[in-house]
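**Student:**
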Amino acid sequence: MKKHLILISNIIAFVNILALMATGVILRWVLPPGSGGGHGFRGGRGPQTQPKTFLEWGRHDWGDVHFWLAVIFTCMIVVHLVLNWPWIRATFFPRKP
Numbered sequence: 004m005k006k007h008l009i010l011i012s013n014i015i016a017f018v019n020i021l022a023l024m025a026t027g028v029i030l031r032w033v034l035p036p037g038s039g040g041g042h043g044f045r046g047g048r049g050p051q052t053q054p055k056t057f058l059e060w061g062r063h064d065w066g067d068v069h070f071w072l073a074v075i076f077t078c079m080i081v082v083h084l085v086l087n088w089p090w091i092r093a094t095f096f097p098r099k100p
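4 is the number of the first residue of the sequence shown in this note's numbering; add one for each residue after it.
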């Protein structure tokens, strides 16, 4: 049972880190800072261009997704450490005879 929990938590963490990397790529190269998401209104005349979007979401929306994926990944790391604590303790803190 514990092996299955470890496997499931590892798979969830792996998929989560892939999604985290994908949103990071979107934020870094697809929608970089200054991509039109609220940098002034040119003296009340409105924005010069429409803000860039990716799949109908702007930079801040993708930033929110990126943040929550990071929170989930952090929780999964904690779960991973808890499930593997006996191995960690036996490997790094062996009992002395």
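Ideal Cβ positions, reconstructed from N, Cα and C, are used throughout, including at glycine.
All figures in this text were calculated on a predicted structure; none of them were measured in a lab.
I want to know whether the segment 76–86 touches the segment 9–24 - three or more CB-CB distances under 8 Å.
**Tutor:** Because the criterion of three Cβ pairs below 8 Å is met, the segment 76–86 and the segment 9–24 touch.
**Student:** For F57, which of helix, strand or coil comes out of DSSP?
**Tutor:** Strand.
**Student:** Cα separation between K6 and S12?
**Tutor:** Rounded to the nearest angstrom, the two C-alpha atoms are 10 Å apart.
**Student:** In whole angstroms, what is the alpha-carbon distance linking A73 and F95?
**Tutor:** Going by the C-alpha atoms only, they are around 27 Å apart.
**Student:** Using the three-state DSSP reduction, which class does F17 fall into: helix, strand or coil?
**Tutor:** Three-state DSSP puts F17 in a helix.
**Student:** Relative to the C-alpha of T26, which candidate in D67, R98, V85 has its C-alpha closest?
**Tutor:** Minimum Cα distance to T26 is reached at D67.
**Student:** So, using beta-carbon positions, are I29 and F70 closer together than 8 Å?
**Tutor:** No, these two residues do not count as a Cβ contact at 8 Å.
**Student:** Would K55 and L34 qualify as a contact pair, given that the criterion is a beta-carbon distance under 8 Å?
**Tutor:** For K55 and L34, yes; Cβs fall inside 8 Å.
**Student:** Would you call R98 buried or exposed, if buried means 16 or more other Cβ atoms sit within 10 Å of its Cβ?
**Tutor:** With fewer than 16 Cβ atoms within 10 Å of its Cβ, R98 is classed as exposed.
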